[in-house]
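Participant: First the structure, which I've put down as structure tokens, then a few questions once you've had a look.
There are 2 protein chains.
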Amino acid sequence: MISQPPASGTDAPRTLRARRLRLHARHQVIAIMHTDCHVCRAEGLSSHSQVLLCAGGRQVQAILFQADGDLVAPGEAALSEAAWERLGVAEGDALTVRHAPVLESLADVRRRIYGHRLDAAALAAIVGDTASGRYTDAHLAAFLTASAALPLDEQEIVDLTQAMIDVGERMTWDAPVVVDKHCIGGLPGNRTTPIIVAIATANGLVMPKTSSRAITSPAGTADTMETLAPVDLDISTLRRVVESEGGCVAWGGAMHLSPADDIFVRVEREIDLDTEGQLIASVLSKKIAAGSNHVVLDIPVGPTAKVRTEGAARRLSDQLVAVAARFGLRARCIRTDGSQPVGRGIGPALEARDILAVLQGSRDAPADLRERATMLAGTVLEVGGAAAKGAGHELALSTLADGRAWTKFQRICQAQGGMREPPRATHVRPLTARRAGRIAFIDNRKLAQLAKLAGAPEAKAAGVLMEVVLGTEVARSQPLLQVHTETADELTYAMDYAARNPGIVEIVP
Amino acid sequence: MISQPPASGTDAPRTLRARRLRLHARHQVIAIMHTDCHVCRAEGLSSHSQVLLCAGGRQVQAILFQADGDLVAPGEAALSEAAWERLGVAEGDALTVRHAPVLESLADVRRRIYGHRLDAAALAAIVGDTASGRYTDAHLAAFLTASAALPLDEQEIVDLTQAMIDVGERMTWDAPVVVDKHCIGGLPGNRTTPIIVAIATANGLVMPKTSSRAITSPAGTADTMETLAPVDLDISTLRRVVESEGGCVAWGGAMHLSPADDIFVRVEREIDLDTEGQLIASVLSKKIAAGSNHVVLDIPVGPTAKVRTEGAARRLSDQLVAVAARFGLRARCIRTDGSQPVGRGIGPALEARDILAVLQGSRDAPADLRERATMLAGTVLEVGGAAAKGAGHELALSTLADGRAWTKFQRICQAQGGMREPPRATHVRPLTARRAGRIAFIDNRKLAQLAKLAGAPEAKAAGVLMEVVLGTEVARSQPLLQVHTETADELTYAMDYAARNPGIVEIVP
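Same order as they appear, the protein sequences are chains A and B. Under the working numbering, think of the first position of the first sequence as 6, with each following residue one higher. Under the working numbering, think of the first position of the second sequence as 6, with each following residue one higher.
Here it is, written out as structure tokens:
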């Protein structure tokens, strides 16, 4: 038989009730609908479709899963936390779901795969779709792989950097000179930033430092700083702190600077791909978006560091400086020793104690951390014009020695919401030498894993305290490091790992 | 304080209770655990960790999501359907979860990204990890992108094909000649296979045909055949059918031939990447695993077909034949018209009726389908040695004319479990010409989408019945096609789509 004409308005998207699943899928925006839901049939949606969720003017792209049974009722859209937050809905709110629009920029990704260079417009489209969450992991991996197979040229890196800046917030400061610093590829314990900010601002420089939390490391600068003061500042608080103290050490996550970067970094890590072009765009887009015009880059070089050879470090430095210049950003790269951790502590509170020791000039302050921090701070002072060329390190040391850095740091912590006392671990256990000999090798990656199993960075007091450095002569059973944890279980897991991985610290006769 | 030594056996994986979520995430193997679950802390697992689930001797890699609230209880592991099936657990069964092992083969993917060719061992490792579900979509996209940026050379295609064969089941037939047929890139309604199998086997050839279900098309050969006879045969039934009738038209999914192929195809589709090397390995690995030694490949060429130019078709043919030869497989490629659908029906039952009309020699049987099927069947007869070179088409036509093909087809259906009557749609509505003129263009992709919105292939009776072909002169309001659906809703959705997409069938004055 011939059916009746369609009811009018069948084009109108069909509404569902939002339900919070309290499902943590990290970045992944997931919507789960019942297999029998009329909207799925209506829109021709099936499991794994990319869909567009709309509610109260906001929209977000999600992956659709379906469920029968009672996980979700027909007419409901159960949302992962990422979906819930980005839509800003409340339990039971109405939302619509339809097929996600076609991703035109994928054609550019495909062209890049086949060896065609991309122009600014193409990269802007790709970065825009990435930032708005329209690229799946597969799309992102394809783009990142294509820009590794045929490395991004300088113009592409510049255009990519610009595109990454444009999709995010941008901070401006009414100061002629705004300095920043960054370390390429974390090195356990290399927590120089708070010291550098204290020294730089104590000498009148403007240094609005935004830092990240740990992603795969046992501590990010923001995690460490958080044991000393609040770091989760909104933009107005951050401005107030910088206006009164000249600088801050805040968590950058709330600033939405270069949001596409976090997405690229996540997938690069998953496919274990590390390309110079992406690294440069990643670092510079964040610095430029943060409003700095002078930046000092710490590039640790070592067998288990991100950059493994002097040659690679030199090439990276040259390209970083060249691309930065295209944005009027003066960059100075410093190659440093990446063969072993810096300071004694690895983990938020333990690193914070190293920082305090250096700032307070304690006799037992780790000399390597003080040396590296003041050397980098000296360069910051020079590029910022607070010290004559060659006189920066001297000024940095004296700023520490006369207590001005410590005073300034306390003022910054107060301005950020009040100084805190880093917590202490309830469980401490030494990892001892299996034999007598000399420390010949330290595996930064395994050391970081050990600190993470101990609970860092979630457990602020957890981590590793080093007792030796490369070259130290040890007797059999002498402690190499102390494992700090907040629970007996975590101590067990960490010690298990250490037992299974004798190569964390290598001893030769 | 210094804590006590760890309890012994802390290395032992910690057990959880399996819970079925009835969550359909297609291929995705998902485990959801409570945020406070002790096992997560114990193993250092967090949301989005790749984990290894083990139960009753089976293991599968999964992605871990976490949930607070009551979605899942601490001590439970709630599983997606893919996880549930692959582990073969029952409600409440004990399972263990731990970090997924390191993916060594990713180093080879990385090498390939940077332009190094891969040898057989490397490709075997990549394909092995893919088939065992250890590659994430990002890993897969990286590998596929790398083999597009620097196209696979012939040796790599051969090694990839071999690796894809080796990870799956392999069928053998005790016949000197086993023929097969495949169409590169679907064309709506191009359902020649059942006719070809009937003609080939009626002439004494062995043709154990395994076909796929639709993935993105309105019907796969298995979906269409299923409206005429059971296709979900286990391997022993399939063997019995082939031994008694010389051939079959079965669903290949149950045979586990080249399982990695389905995974690659899914991601290629997601990133819309189509590389010759992957296509060749995909097609040939399945044919070789199915035990055939002669194959005829139908390559439709047209502006909205998979292969768009004669030149591309020729290159593809040459490479297909060359690689096939490396496996002792004799391939013959036939380039066919891909500019418009074949036959009248698009959708399982509608295509089945076309097939029946051709086999039964009905006067209204679609001539294009008969012509194409007999032409391809003729080539199959020739390569299989059942007809002299040049005499195949003639023999195919006579096998149809004298009813032997129809008789054989009914016998095959009986052997597969009994012949069925294809269902008819309850709702039919014409899509009419907006103007008088000549049919100048038909968009195969939009036509397929229209048939899918009508409900195909899930709704077996649903789809599109063509009333015109390229060149047909139509009057205004004359029907161009009929939309067939099983529900009024689906008719509405399909007609809405047709209204929004006037370009499905283009008419010029």
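In this text, a Cβ means the ideal position worked out from N, Cα and C, and glycines have one as well.
Give a yes or no on contact between the region 211 to 224 of chain B and the region 324 to 344 of chain B, applying the rule of three or more CB pairs nearer than 8 Å.
Facilitator: Verdict: no, contact absent.
Participant: When DSSP labels each residue in this structure, what does B/W256 get in the three-state scheme?
Facilitator: Of the three classes helix, strand and coil, the one that applies to B/W256 here is strand, per DSSP.
Participant: Would you mind stating whether A/V347 and A/A445 have Cβ atoms separated by less than 8 Å?
Facilitator: No, they are not a contact pair.
Participant: Between A/T309 and chain B, is the shortest Cβ-Cβ distance under 8 Å, so that the two count as touching?
Facilitator: Chain B, which has no Cβ nearer than 8 Å to the Cβ of A/T309, makes this no.
Participant: Are the CB atoms of A/V479 and A/L485 nearer to each other than 8 Å?
Facilitator: Against a cut-off of 8 Å, the Cβ pair of A/L485 and A/V479 comes out as a contact.
Participant: Please list, in chain order, the chain B residues whose beta carbon lies closer than 7 Å to that of A/L155.
Facilitator: Those within 7 Å of A/L155 in chain B are A154.
Participant: When the Cα of A/C45 is compared with those of A/T177, A/T101, A/R377, which residue comes out closest?
Facilitator: Measuring from the Cα of A/C45, the nearest candidate turns out to be A/T101.
Participant: Please classify B/Q365 as buried or exposed, where buried requires at least 16 other C-beta atoms within 10 Å of its C-beta.
Facilitator: Exposed.
Participant: Taking only runs that begin and end inside the region 182 to 240 of chain A, name each unbroken beta strand (DSSP E) of 3 or more residues, in chain order.
Facilitator: Taking only runs of at least 3 residues, the beta strand (DSSP E) segments lying wholly in the region 182 to 240 of chain A are 184 to 188, 212 to 216.
Participant: Should A/K451 be flagged as near chain B, meaning a C-beta pair shorter than 8 Å?
Facilitator: False, the Cβ-Cβ gap to chain B never drops below 8 Å.
Participant: With A/I200 and A/I360 assumed to form a contact (beta carbons below 8 Å), what rounded beta-carbon distance in angstroms separates them?
Facilitator: Confirmed, about 6 Å.
Participant: Under 8 Å, do A/P435 and A/P223 count as touching if we go by C-beta distance?
Facilitator: No, they are not a contact pair.
Participant: At least one CB of chain E closer than 8 Å to the CB of A/H144: is that the case?
Facilitator: Judged by its chain identifiers, the structure shown contains no chain E, and its protein chains are A and B.
Participant: Would you call the region 227 to 247 of chain B and the region 280 to 287 of chain B touching, i.e. three or more CB-CB distances under 8 Å?
Facilitator: With the cut-off at 8 Å, the region 227 to 247 of chain B and the region 280 to 287 of chain B do not touch.
Participant: Three or more beta-carbon pairs under 8 Å between the region 369 to 385 of chain B and the region 183 to 200 of chain B, yes or no?
Facilitator: The answer is yes - the region 183 to 200 of chain B touches the region 369 to 385 of chain B, with three or more Cβ pairs under 8 Å.
Participant: Any beta carbon from chain B within less than 8 Å of A/R31's own beta carbon?
Facilitator: So, interface residue.
Participant: Which whole-angstrom value is the C-beta distance of B/G296 and B/T177, which I expect to be below 8 Å?
Facilitator: The Cβ separation is near 5 Å, so the contact holds.
Participant: Which whole-angstrom value describes the C-beta separation of B/V510 and B/G352, a residue pair presumed to lie in contact below a C-beta threshold of 8 Å?
Facilitator: Going by Cβ atoms, the distance from B/V510 to B/G352 rounds to 17 Å, so no, they are not a contact pair.
Participant: Quick check: is the beta carbon of B/L128 nearer than 8 Å to any beta carbon in chain A?
Facilitator: Output row for B/L128: interface = no.
Participant: Which whole-angstrom value is the C-beta distance of B/D134 and B/L123, which I expect to be below 8 Å?
Facilitator: About 13 Å; that fails the 8 Å criterion.
Participant: Assess, as a yes-or-no matter, whether the region 151 to 166 of chain A is touched by the region 138 to 156 of chain B under the definition of 3 or more beta carbon pairs within less than 8 Å.
Facilitator: The region 138 to 156 of chain B, when compared against the region 151 to 166 of chain A, does touch it at the 8 Å Cβ threshold.
Participant: If we count Cβ pairs, one from each stretch, closer than 8 Å, do we get three or more for the region 399 to 412 of chain B versus the region 450 to 461 of chain B?
Facilitator: No: the two stretches stay apart, fewer than three of their Cβ pairs being nearer than 8 Å.
Participant: Quick check on DSSP: helix, strand or coil for A/E86?
Facilitator: Helix at A/E86.
Participant: Please say whether B/I68 and A/A143 have beta carbons closer to each other than 8 Å?
Facilitator: The answer is no: Cβ separation not under 8 Å.
Participant: Please return the same chain residues whose Cβ sits closer than 6 Å to the Cβ of B/T15, not counting the five positions on each side in sequence.
Facilitator: Reliability fails at B/T15, whose pLDDT of 42 lies under 50, so the model's placement of it is uncertain and no value is given.
Participant: Once the 5 residues before and after B/A147 are set aside, which same chain residues still bring their CB inside 7 Å of it?
Facilitator: Counting only Cβ-Cβ distances below 7 Å, and skipping sequence neighbours, we find V114, I118.
Participant: In chain A, what lies closer than 8 Å to B/G120 by C-beta?
Facilitator: Simply A154.
Participant: Would you mind working out which of A/R25, A/A95, A/P79, A/E159 sits nearest A/V328, comparing C-alpha positions?
Facilitator: The shortest Cα separation from A/V328 among A/R25, A/A95, A/P79, A/E159 belongs to A/E159.
Participant: Can the beta-carbon of A/E491 be found less than 8 Å from the beta-carbon of A/A464?
Facilitator: Their beta carbons are under 8 Å apart, which means A/E491 touches A/A464 by this criterion.
Participant: What is the DSSP secondary structure of A/C42, counted as helix, strand or coil?
Facilitator: A/C42: coil per DSSP, three-state reduction.
Participant: Under the three-state reduction of DSSP, which class applies to B/M176: helix, strand or coil?
Facilitator: It is coil, neither helix nor strand.
Participant: Report the residues of the region 54 to 80 of chain B with a CB closer than 7 Å to any CB of chain A, ordered along the chain.
Facilitator: For the region 54 to 80 of chain B, which is checked against every Cβ of chain A, the residues closer than 7 Å are F70, Q71, A72, D73, G74, L76.
Participant: Going along chain B in order, which residues have a C-beta closer than 8 Å to the C-beta of A/L111?
Facilitator: Those within 8 Å of A/L111 in chain B are I276, D277.
Participant: With DSSP run on the structure shown, which of helix, strand or coil describes B/T150?
Facilitator: It is helical.
Participant: Strictly by DSSP, which residues pair up with B/F446?
Facilitator: Its beta-bridge partners are B/E511.
Participant: If we define contact as Cβ-Cβ less than 8 Å, is A/T40 a contact residue for chain B?
Facilitator: Output row for A/T40: interface = yes.
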